[in-house]
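Residue numbering for the first sequence follows full-length UniProt numbering, beginning at 1 and increasing consecutively.
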Amino acid sequence: MRAFSTLSRRSPITNPFKHPLAQHLLDEMPHRDAHAPRLNALLSAHVRNNNQTSALLLFLHMHRHNIPLDGFTFNPILSACPALPAAGSRLGFQLHSLMFKLGCLSEPIPATSLLNMYSKCGFFEDAVNVFDEMPERDVVSWNALLSCFIHHGHSQLTINAFFSMVQTRIEFTGFTLSTVLTACASSRSLAQGLQLHALTFICGYHNSLVIATSLIDLYSSCGMITQAMQVFTGLNSPKDTAMRNALITGLVQSQKYDDAFALFAQTTPNAVAFTSVLTACSDSLSLKHGKQIHCTALRRDFTSDTILCNVLVRIYAKCGDIHSAHSTFVMTDNKDVISWTSIIDAYGSQGCGLEALNLFTEMENEGSVLPNAVTFISVLSACGHSGLINEGIKYFNVMKNKYGIDPGAEHYACLIDMLGKGGRIEEAWEVYGGVVKEGKLSSGVCVAMLNGCKVCMDLGRGEIVGKHMMELGEEDKAGVYVLLSNFYAGIGRWKGAEEVRKVMEDKGLRKEEAGIG
DNA sequence: TTAGGGTTAG
């Protein structure tokens with residue numbers, strides 16, 4: 001209910017654009033006597049042409065000159081909000097207030113636009129509240145709710161909402177099915193996905209490009225590449241780029257790199273296709289392929305694409321070509337948190353910890369991007385690789401206190417790893433104790449602590465960690481035994497090492513299966 | 001005038 005409680009204080013709507021050009025545009029605005037329907041149409045045209053600033057200025061003009069506002073006014077201006085940085089979400093709350101006062105929320109279409117605005121601006125709860133308070137909902141309102149759940153990573157809620165929708169006897173559409181299929185793909189819900197696939201035949205949606213693309217994504221995500229290919233070849237209509245890209249991605253995920261490259265070569269690829277095959281180069285460490293594709297992407301002028309550049313940074317870093325990674329990073333137009341994390345990780349994993357930390361500072365100073373939990377894994381492991389223990393402790397605290405990020409098992413593993421390797425076993429043990437208390441113990445944390453015990457020749461603590469590892473119920477039992485055996489061997493306890501190996505053999509576990517750590 | 005598919009970091 002944050003929206004309603006804060007809205008009235010935010011009105012009247014203020015103009016966030018105080019630029020001479022903005023004033024010029026305002027001077028050019030239609031006369032106040034112009035008919036509202038014509039202005040609504042003009043507003044929609046601005047949004048359609050991706051001219052959100054003009055849309056906002058026109059809306060402000062209408063509001064100030066008491067031109068009647070209705071659902072037709074709110075739909076386009078609400079859809080412009082997500083593209084208006086910072087000002088967008090503030091404006092969204094103000095628009096909500098205004099719609100409430102004018103009684104526009106009783107209509108499903110403007111209320112659905114409002115739901116969508118909150119969802120796209122990142123206000124999940126406000127979006128769901130709008131849905132809950134809608135007096136009348138149509139199938140589009142339901143579809144908007146489902147895509148809101150998906151956007152915010154709640155796949156299971158999407159699937160549940162679909163079943164509520166069916167129970168409410170709302171007649172679903174192809175839009176609904178494609179959204180729920182996407183939810184099944186991202187949550188790997190194969191059984192429900194198969195039911196929905198059957199439903200596409202029953203409802204006659206089986207030849208829809210969008211639904212077939214969702215199905216390819218579903219089968220690829222569930223490791224069923226043959227079924228994904230069957231959906232692709234079985235479709236009775238011409239394929240489009242998105243559908244081909246879905247299959248290319250599926251082939252890459254199934255490590256069928258040659259098939260992915262072949263399908264890529266058959267098409268006129270767009271930036272997404274380039275990103276997919278470059279990911280294949282990154283995974284298969286094929287720098288030669290990667291460089292060729294990078295050159296083609298350069299010729300096609302796709303290299304300002306942020307996601308594509310992020311993949312290139314990763315490829316060059318993986319191959320140890322830090323200079324190419326850096327120059328690709330520098331030329332990335334709109335660097336996002338993944339761009340920064342990738343380059344920090346690139347330097348960190350090459351043992352250039354100070355450069356990685358300098359980049360982190362540069363990111364903070366630049367200010368447009370906030371670090372997230374993954375960024376800090378890269379920062380902490382950079383510190384670990386370069387033995388920058390005090391800096392590592394400092395950034396661990398920066399993460400918690402400055403950015404409010406709750407440390408996860410991976411952050412603790414980095415911290416314990418660097419303390420242990422640096423011989424600071426007492427501090428590592430204290431952190432480890434905290435992790436056990438918090439119930440965040442993972443095999444990664446145990447491995448880091450066990451390595452620390454090995455470095456410090458600490459038999460007693462090592463055996464406690466070994467016991468914890470057994471209790472974790474790790475699937476890779478052989479891996480646990482190998483680590484324990486190596487621990488005993490590492491501190492010169494050959495008898496202990498031998499005993500562990502014997503237990504392992506008695507249990508019929510083979511060393512080749514080992515893979516933890 | 002509101003809703004759907006394909007791409008990136010640990």
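We put the beta carbon where it would ideally sit given N, CA and C, even for glycine.
Point to revise | residue 155, DSSP secondary structure in three states | key: In the first sequence, counting from the first residue as 1, residue 155 sits at position 155. Here residue 155 sits in helix by DSSP.
Practice item. Can you check the segment 255-304 for any alpha helix (DSSP H) of at least 4 residues that lies completely inside it and give the ranges in chain order? Key: 257-265, 271-283 and 287-299
Exercise for review: Return yes when the Cβ of residue 381 is within less than 7 Å of the Cβ of residue 414, no when it is not.
Suggested key: What you label residue 414 is simply residue 414 of the first sequence in a count that begins at 1. What you label residue 381 is simply residue 381 of the first sequence in a count that begins at 1. For residue 414 and residue 381, yes; Cβs fall inside 7 Å.
Point to revise | Length-filtered (4 minimum) alpha helix (DSSP H) runs lying within the segment 318-376 | key: 322-331, 337-349 and 353-366
**Study point:** residue 525 in three-state terms, based on DSSP
**Key:** The requested residue 525 is not part of the displayed model; the chain covers only 1 to 517.
Point to revise | residue 181 vs residue 157 beta-carbon contact at 7 Å | key: Residue numbering aside, residue 181 sits at position 181 when the first sequence is read from its first letter. Residue numbering aside, residue 157 sits at position 157 when the first sequence is read from its first letter. Their beta carbons are not under 7 Å apart, which means residue 181 does not touch residue 157 by this criterion.
Practice item. Return the chain-ordered list of same chain residues with a C-beta closer than 7 Å to the C-beta of residue 410, the five sequence neighbours on each side being excluded. Key: As a first step, residue 410 must be located in the first sequence, where it is residue number 410. Here the set comprises 377 and 444.
Review point. In this structure, does DSSP put residue 150 in helix, strand or coil?
Key: For this step, residue 150 is matched to residue 150 along the first sequence. Residue state, collapsed to three classes: helix.
**Study point:** Helix, strand or coil at residue 506 according to DSSP, with G and I counted as helix
**Key:** Translated into the one-based positions of the first sequence, residue 506 becomes position 506. The answer is helix: DSSP assigns residue 506 an H, G or I state.
Exercise for review: Would you kindly work out how many angstroms separate the C-alpha atoms of residue 138 and residue 370, rounded to a whole number?
Suggested key: Position 138 of the first sequence, counted from the start, is the residue given in the question as residue 138. Position 370 of the first sequence, counted from the start, is the residue given in the question as residue 370. Cα-Cα distance, rounded: 38 Å.
Review point. Helix, strand or coil: which one does DSSP assign to residue 136?
Key: One-based indexing of the first sequence puts residue 136 at position 136. Coil, per DSSP.
Practice item. Please go through the same chain and pick out, in chain order, the residues whose beta-carbon is closer than 6 Å to the beta-carbon of residue 206, but skip the five residues on each side of it. Key: Your numbering for residue 206 matches position 206 in the first sequence. Taken in chain order, the residues that qualify are 200.
Exercise for review: Look at the alpha carbon of residue 65 and the alpha carbon of residue 35, and state the distance between them as a whole number of angstroms.
Suggested key: If you number the first sequence from 1, residue 65 lands on position 65. If you number the first sequence from 1, residue 35 lands on position 35. Each residue's Cα considered, the two are about 12 Å apart.
Review point. So, residue 39 versus residue 62, is the Cβ gap smaller than 7 Å?
Key: Within the first sequence, residue 39 is the residue found at index 39, counting from 1. Within the first sequence, residue 62 is the residue found at index 62, counting from 1. It is a contact, given that the beta carbons lie within the stated cut-off.
Review point. Straight-line CA distance for residue 74 to residue 210?
Key: One-based indexing of the first sequence puts residue 74 at position 74. One-based indexing of the first sequence puts residue 210 at position 210. The straight-line gap from Cα to Cα measures roughly 29 Å.
Review point. In three-state terms, what does DSSP make of residue 50?
Key: Translated into the one-based positions of the first sequence, residue 50 becomes position 50. The answer is coil: DSSP assigns residue 50 none of H, G, I, E or B.
Practice item. Taking residue 343 and residue 326 to be in contact with their CB atoms under 8 Å, please state how far apart those CB atoms are, rounded to whole angstroms. Key: The residue labelled residue 343 in the question sits at position 343 within the first sequence. The residue labelled residue 326 in the question sits at position 326 within the first sequence. Between residue 326 and residue 343 the Cβ distance is about 7 Å, and since that is below 8 Å, they are a contact.
Check your understanding: Which stretch, first to last residue, makes up the alpha helix (DSSP H) that contains residue 83?
Key -> Taking the first sequence and counting its residues from 1, the one referred to as residue 83 is at position 83. No alpha helix (DSSP H) contains residue 83, which DSSP labels as neither H nor E.
Review point. Under the rule that 16 or more other beta-carbon atoms within 10 Å means buried, what is residue 366, buried or exposed?
Key: Stepping through the first sequence from its first residue, residue 366 is reached at position 366. It is exposed - the Cβ of residue 366 has fewer than 16 other Cβ atoms within 10 Å.
**Study point:** Per-residue burial, residue 184 [other beta carbons within 10 Å of its own, 16 or more giving buried]
**Key:** On the first sequence, position 184 is the one that residue 184 refers to. That one is buried.
Exercise for review: With DSSP collapsed to three states, give me the class of residue 386.
Suggested key: Stepping through the first sequence from its first residue, residue 386 is reached at position 386. In the structure shown, residue 386 sits in coil (DSSP, three-state: anything other than H, G, I, E or B).
Review point. Going straight from the alpha carbon of residue 528 to that of residue 480, what length do you get?
Key: With the chain covering 1 to 517 only, the question about residue 528 has no answer from this structure.
Review point. By Cβ distance below 6 Å, which residues in the same chain neighbour residue 498 in space, the five residues on each side in sequence not counted?
Key: Sequence index remark: in the first sequence, residue 498 carries index 498 (1-based). Around residue 498: no qualifying Cβ.
Point to revise | Cutoff 8 Å; reference residue 349; Cβ partners in own chain excluding five residues on either side | key: Translated into the one-based positions of the first sequence, residue 349 becomes position 349. Only 317, 381, 382 and 385 meet the Cβ criterion.
Exercise for review: List the endpoints of the continuous alpha helix (DSSP H) containing residue 398.
Suggested key: The residue labelled residue 398 in the question sits at position 398 within the first sequence. Neither: residue 398 is in no alpha helix (DSSP H) and is coded neither H nor E.
Check your understanding: Taking just the CA atoms, how far does residue 389 sit from residue 423?
Key -> Your numbering for residue 423 matches position 423 in the first sequence. Your numbering for residue 389 matches position 389 in the first sequence. Roughly 10 Å separates the two Cα atoms.
Practice item. Would you mind working out which of 338, 346 and 351 sits nearest residue 372, comparing C-alpha positions? Key: Your numbering for residue 372 matches position 372 in the first sequence. Out of 338, 346 and 351, 338 has the C-alpha closest to the C-alpha of residue 372.
Review point. Are residue 264 and residue 273 touching if we call contact CB-CB under 7 Å?
Key: Locating residue 264 in the first sequence gives position 264, counting from the first residue. Locating residue 273 in the first sequence gives position 273, counting from the first residue. Yes. Within cutoff.
Review point. Can residue 243 and residue 213 be called in contact, C-beta distance under 7 Å?
Key: Within the first sequence, the letter at position 243 stands for residue 243. Within the first sequence, the letter at position 213 stands for residue 213. In contact: residue 243 and residue 213 (Cβ atoms closer than 7 Å).
Point to revise | residue 236 versus residue 162: straight-line alpha-carbon distance, rounded | key: Taking the first sequence and counting its residues from 1, the one referred to as residue 236 is at position 236. Taking the first sequence and counting its residues from 1, the one referred to as residue 162 is at position 162. The straight-line gap from Cα to Cα measures roughly 28 Å.
Review point. Is residue 320 near the ligand GTP, going by C-beta to nearest heavy atom under 6 Å?
Key: Of the ligands one can find in the structure shown there are none, so the ligand GTP has no counterpart to examine.
**Study point:** Contact check, residue 124 vs residue 152, beta carbons under 7 Å
**Key:** Looking up residue 124 in the first sequence gives position 124. Looking up residue 152 in the first sequence gives position 152. Yes, these two residues count as a Cβ contact at 7 Å.
Point to revise | CA-to-CA distance, residue 147 to residue 72, given in whole angstroms | key: One-based indexing of the first sequence puts residue 72 at position 72. One-based indexing of the first sequence puts residue 147 at position 147. Going by the C-alpha atoms only, they are around 22 Å apart.
Review point. Of the residues 179, 41 and 494, which one's Cα is nearest the Cα of residue 69?
Key: The count along the first sequence starts at 1 and reaches residue 69 at position 69. Nearest of 179, 41 and 494 to residue 69, Cα basis: 41.
**Study point:** residue 246 versus 362, 502, 295 and 217, residue with shortest Cα-Cα distance
**Key:** For the purposes of this step, residue 246 is taken as residue 246 along the first sequence, with counting starting at 1. Considering only alpha carbons, the answer is 217.
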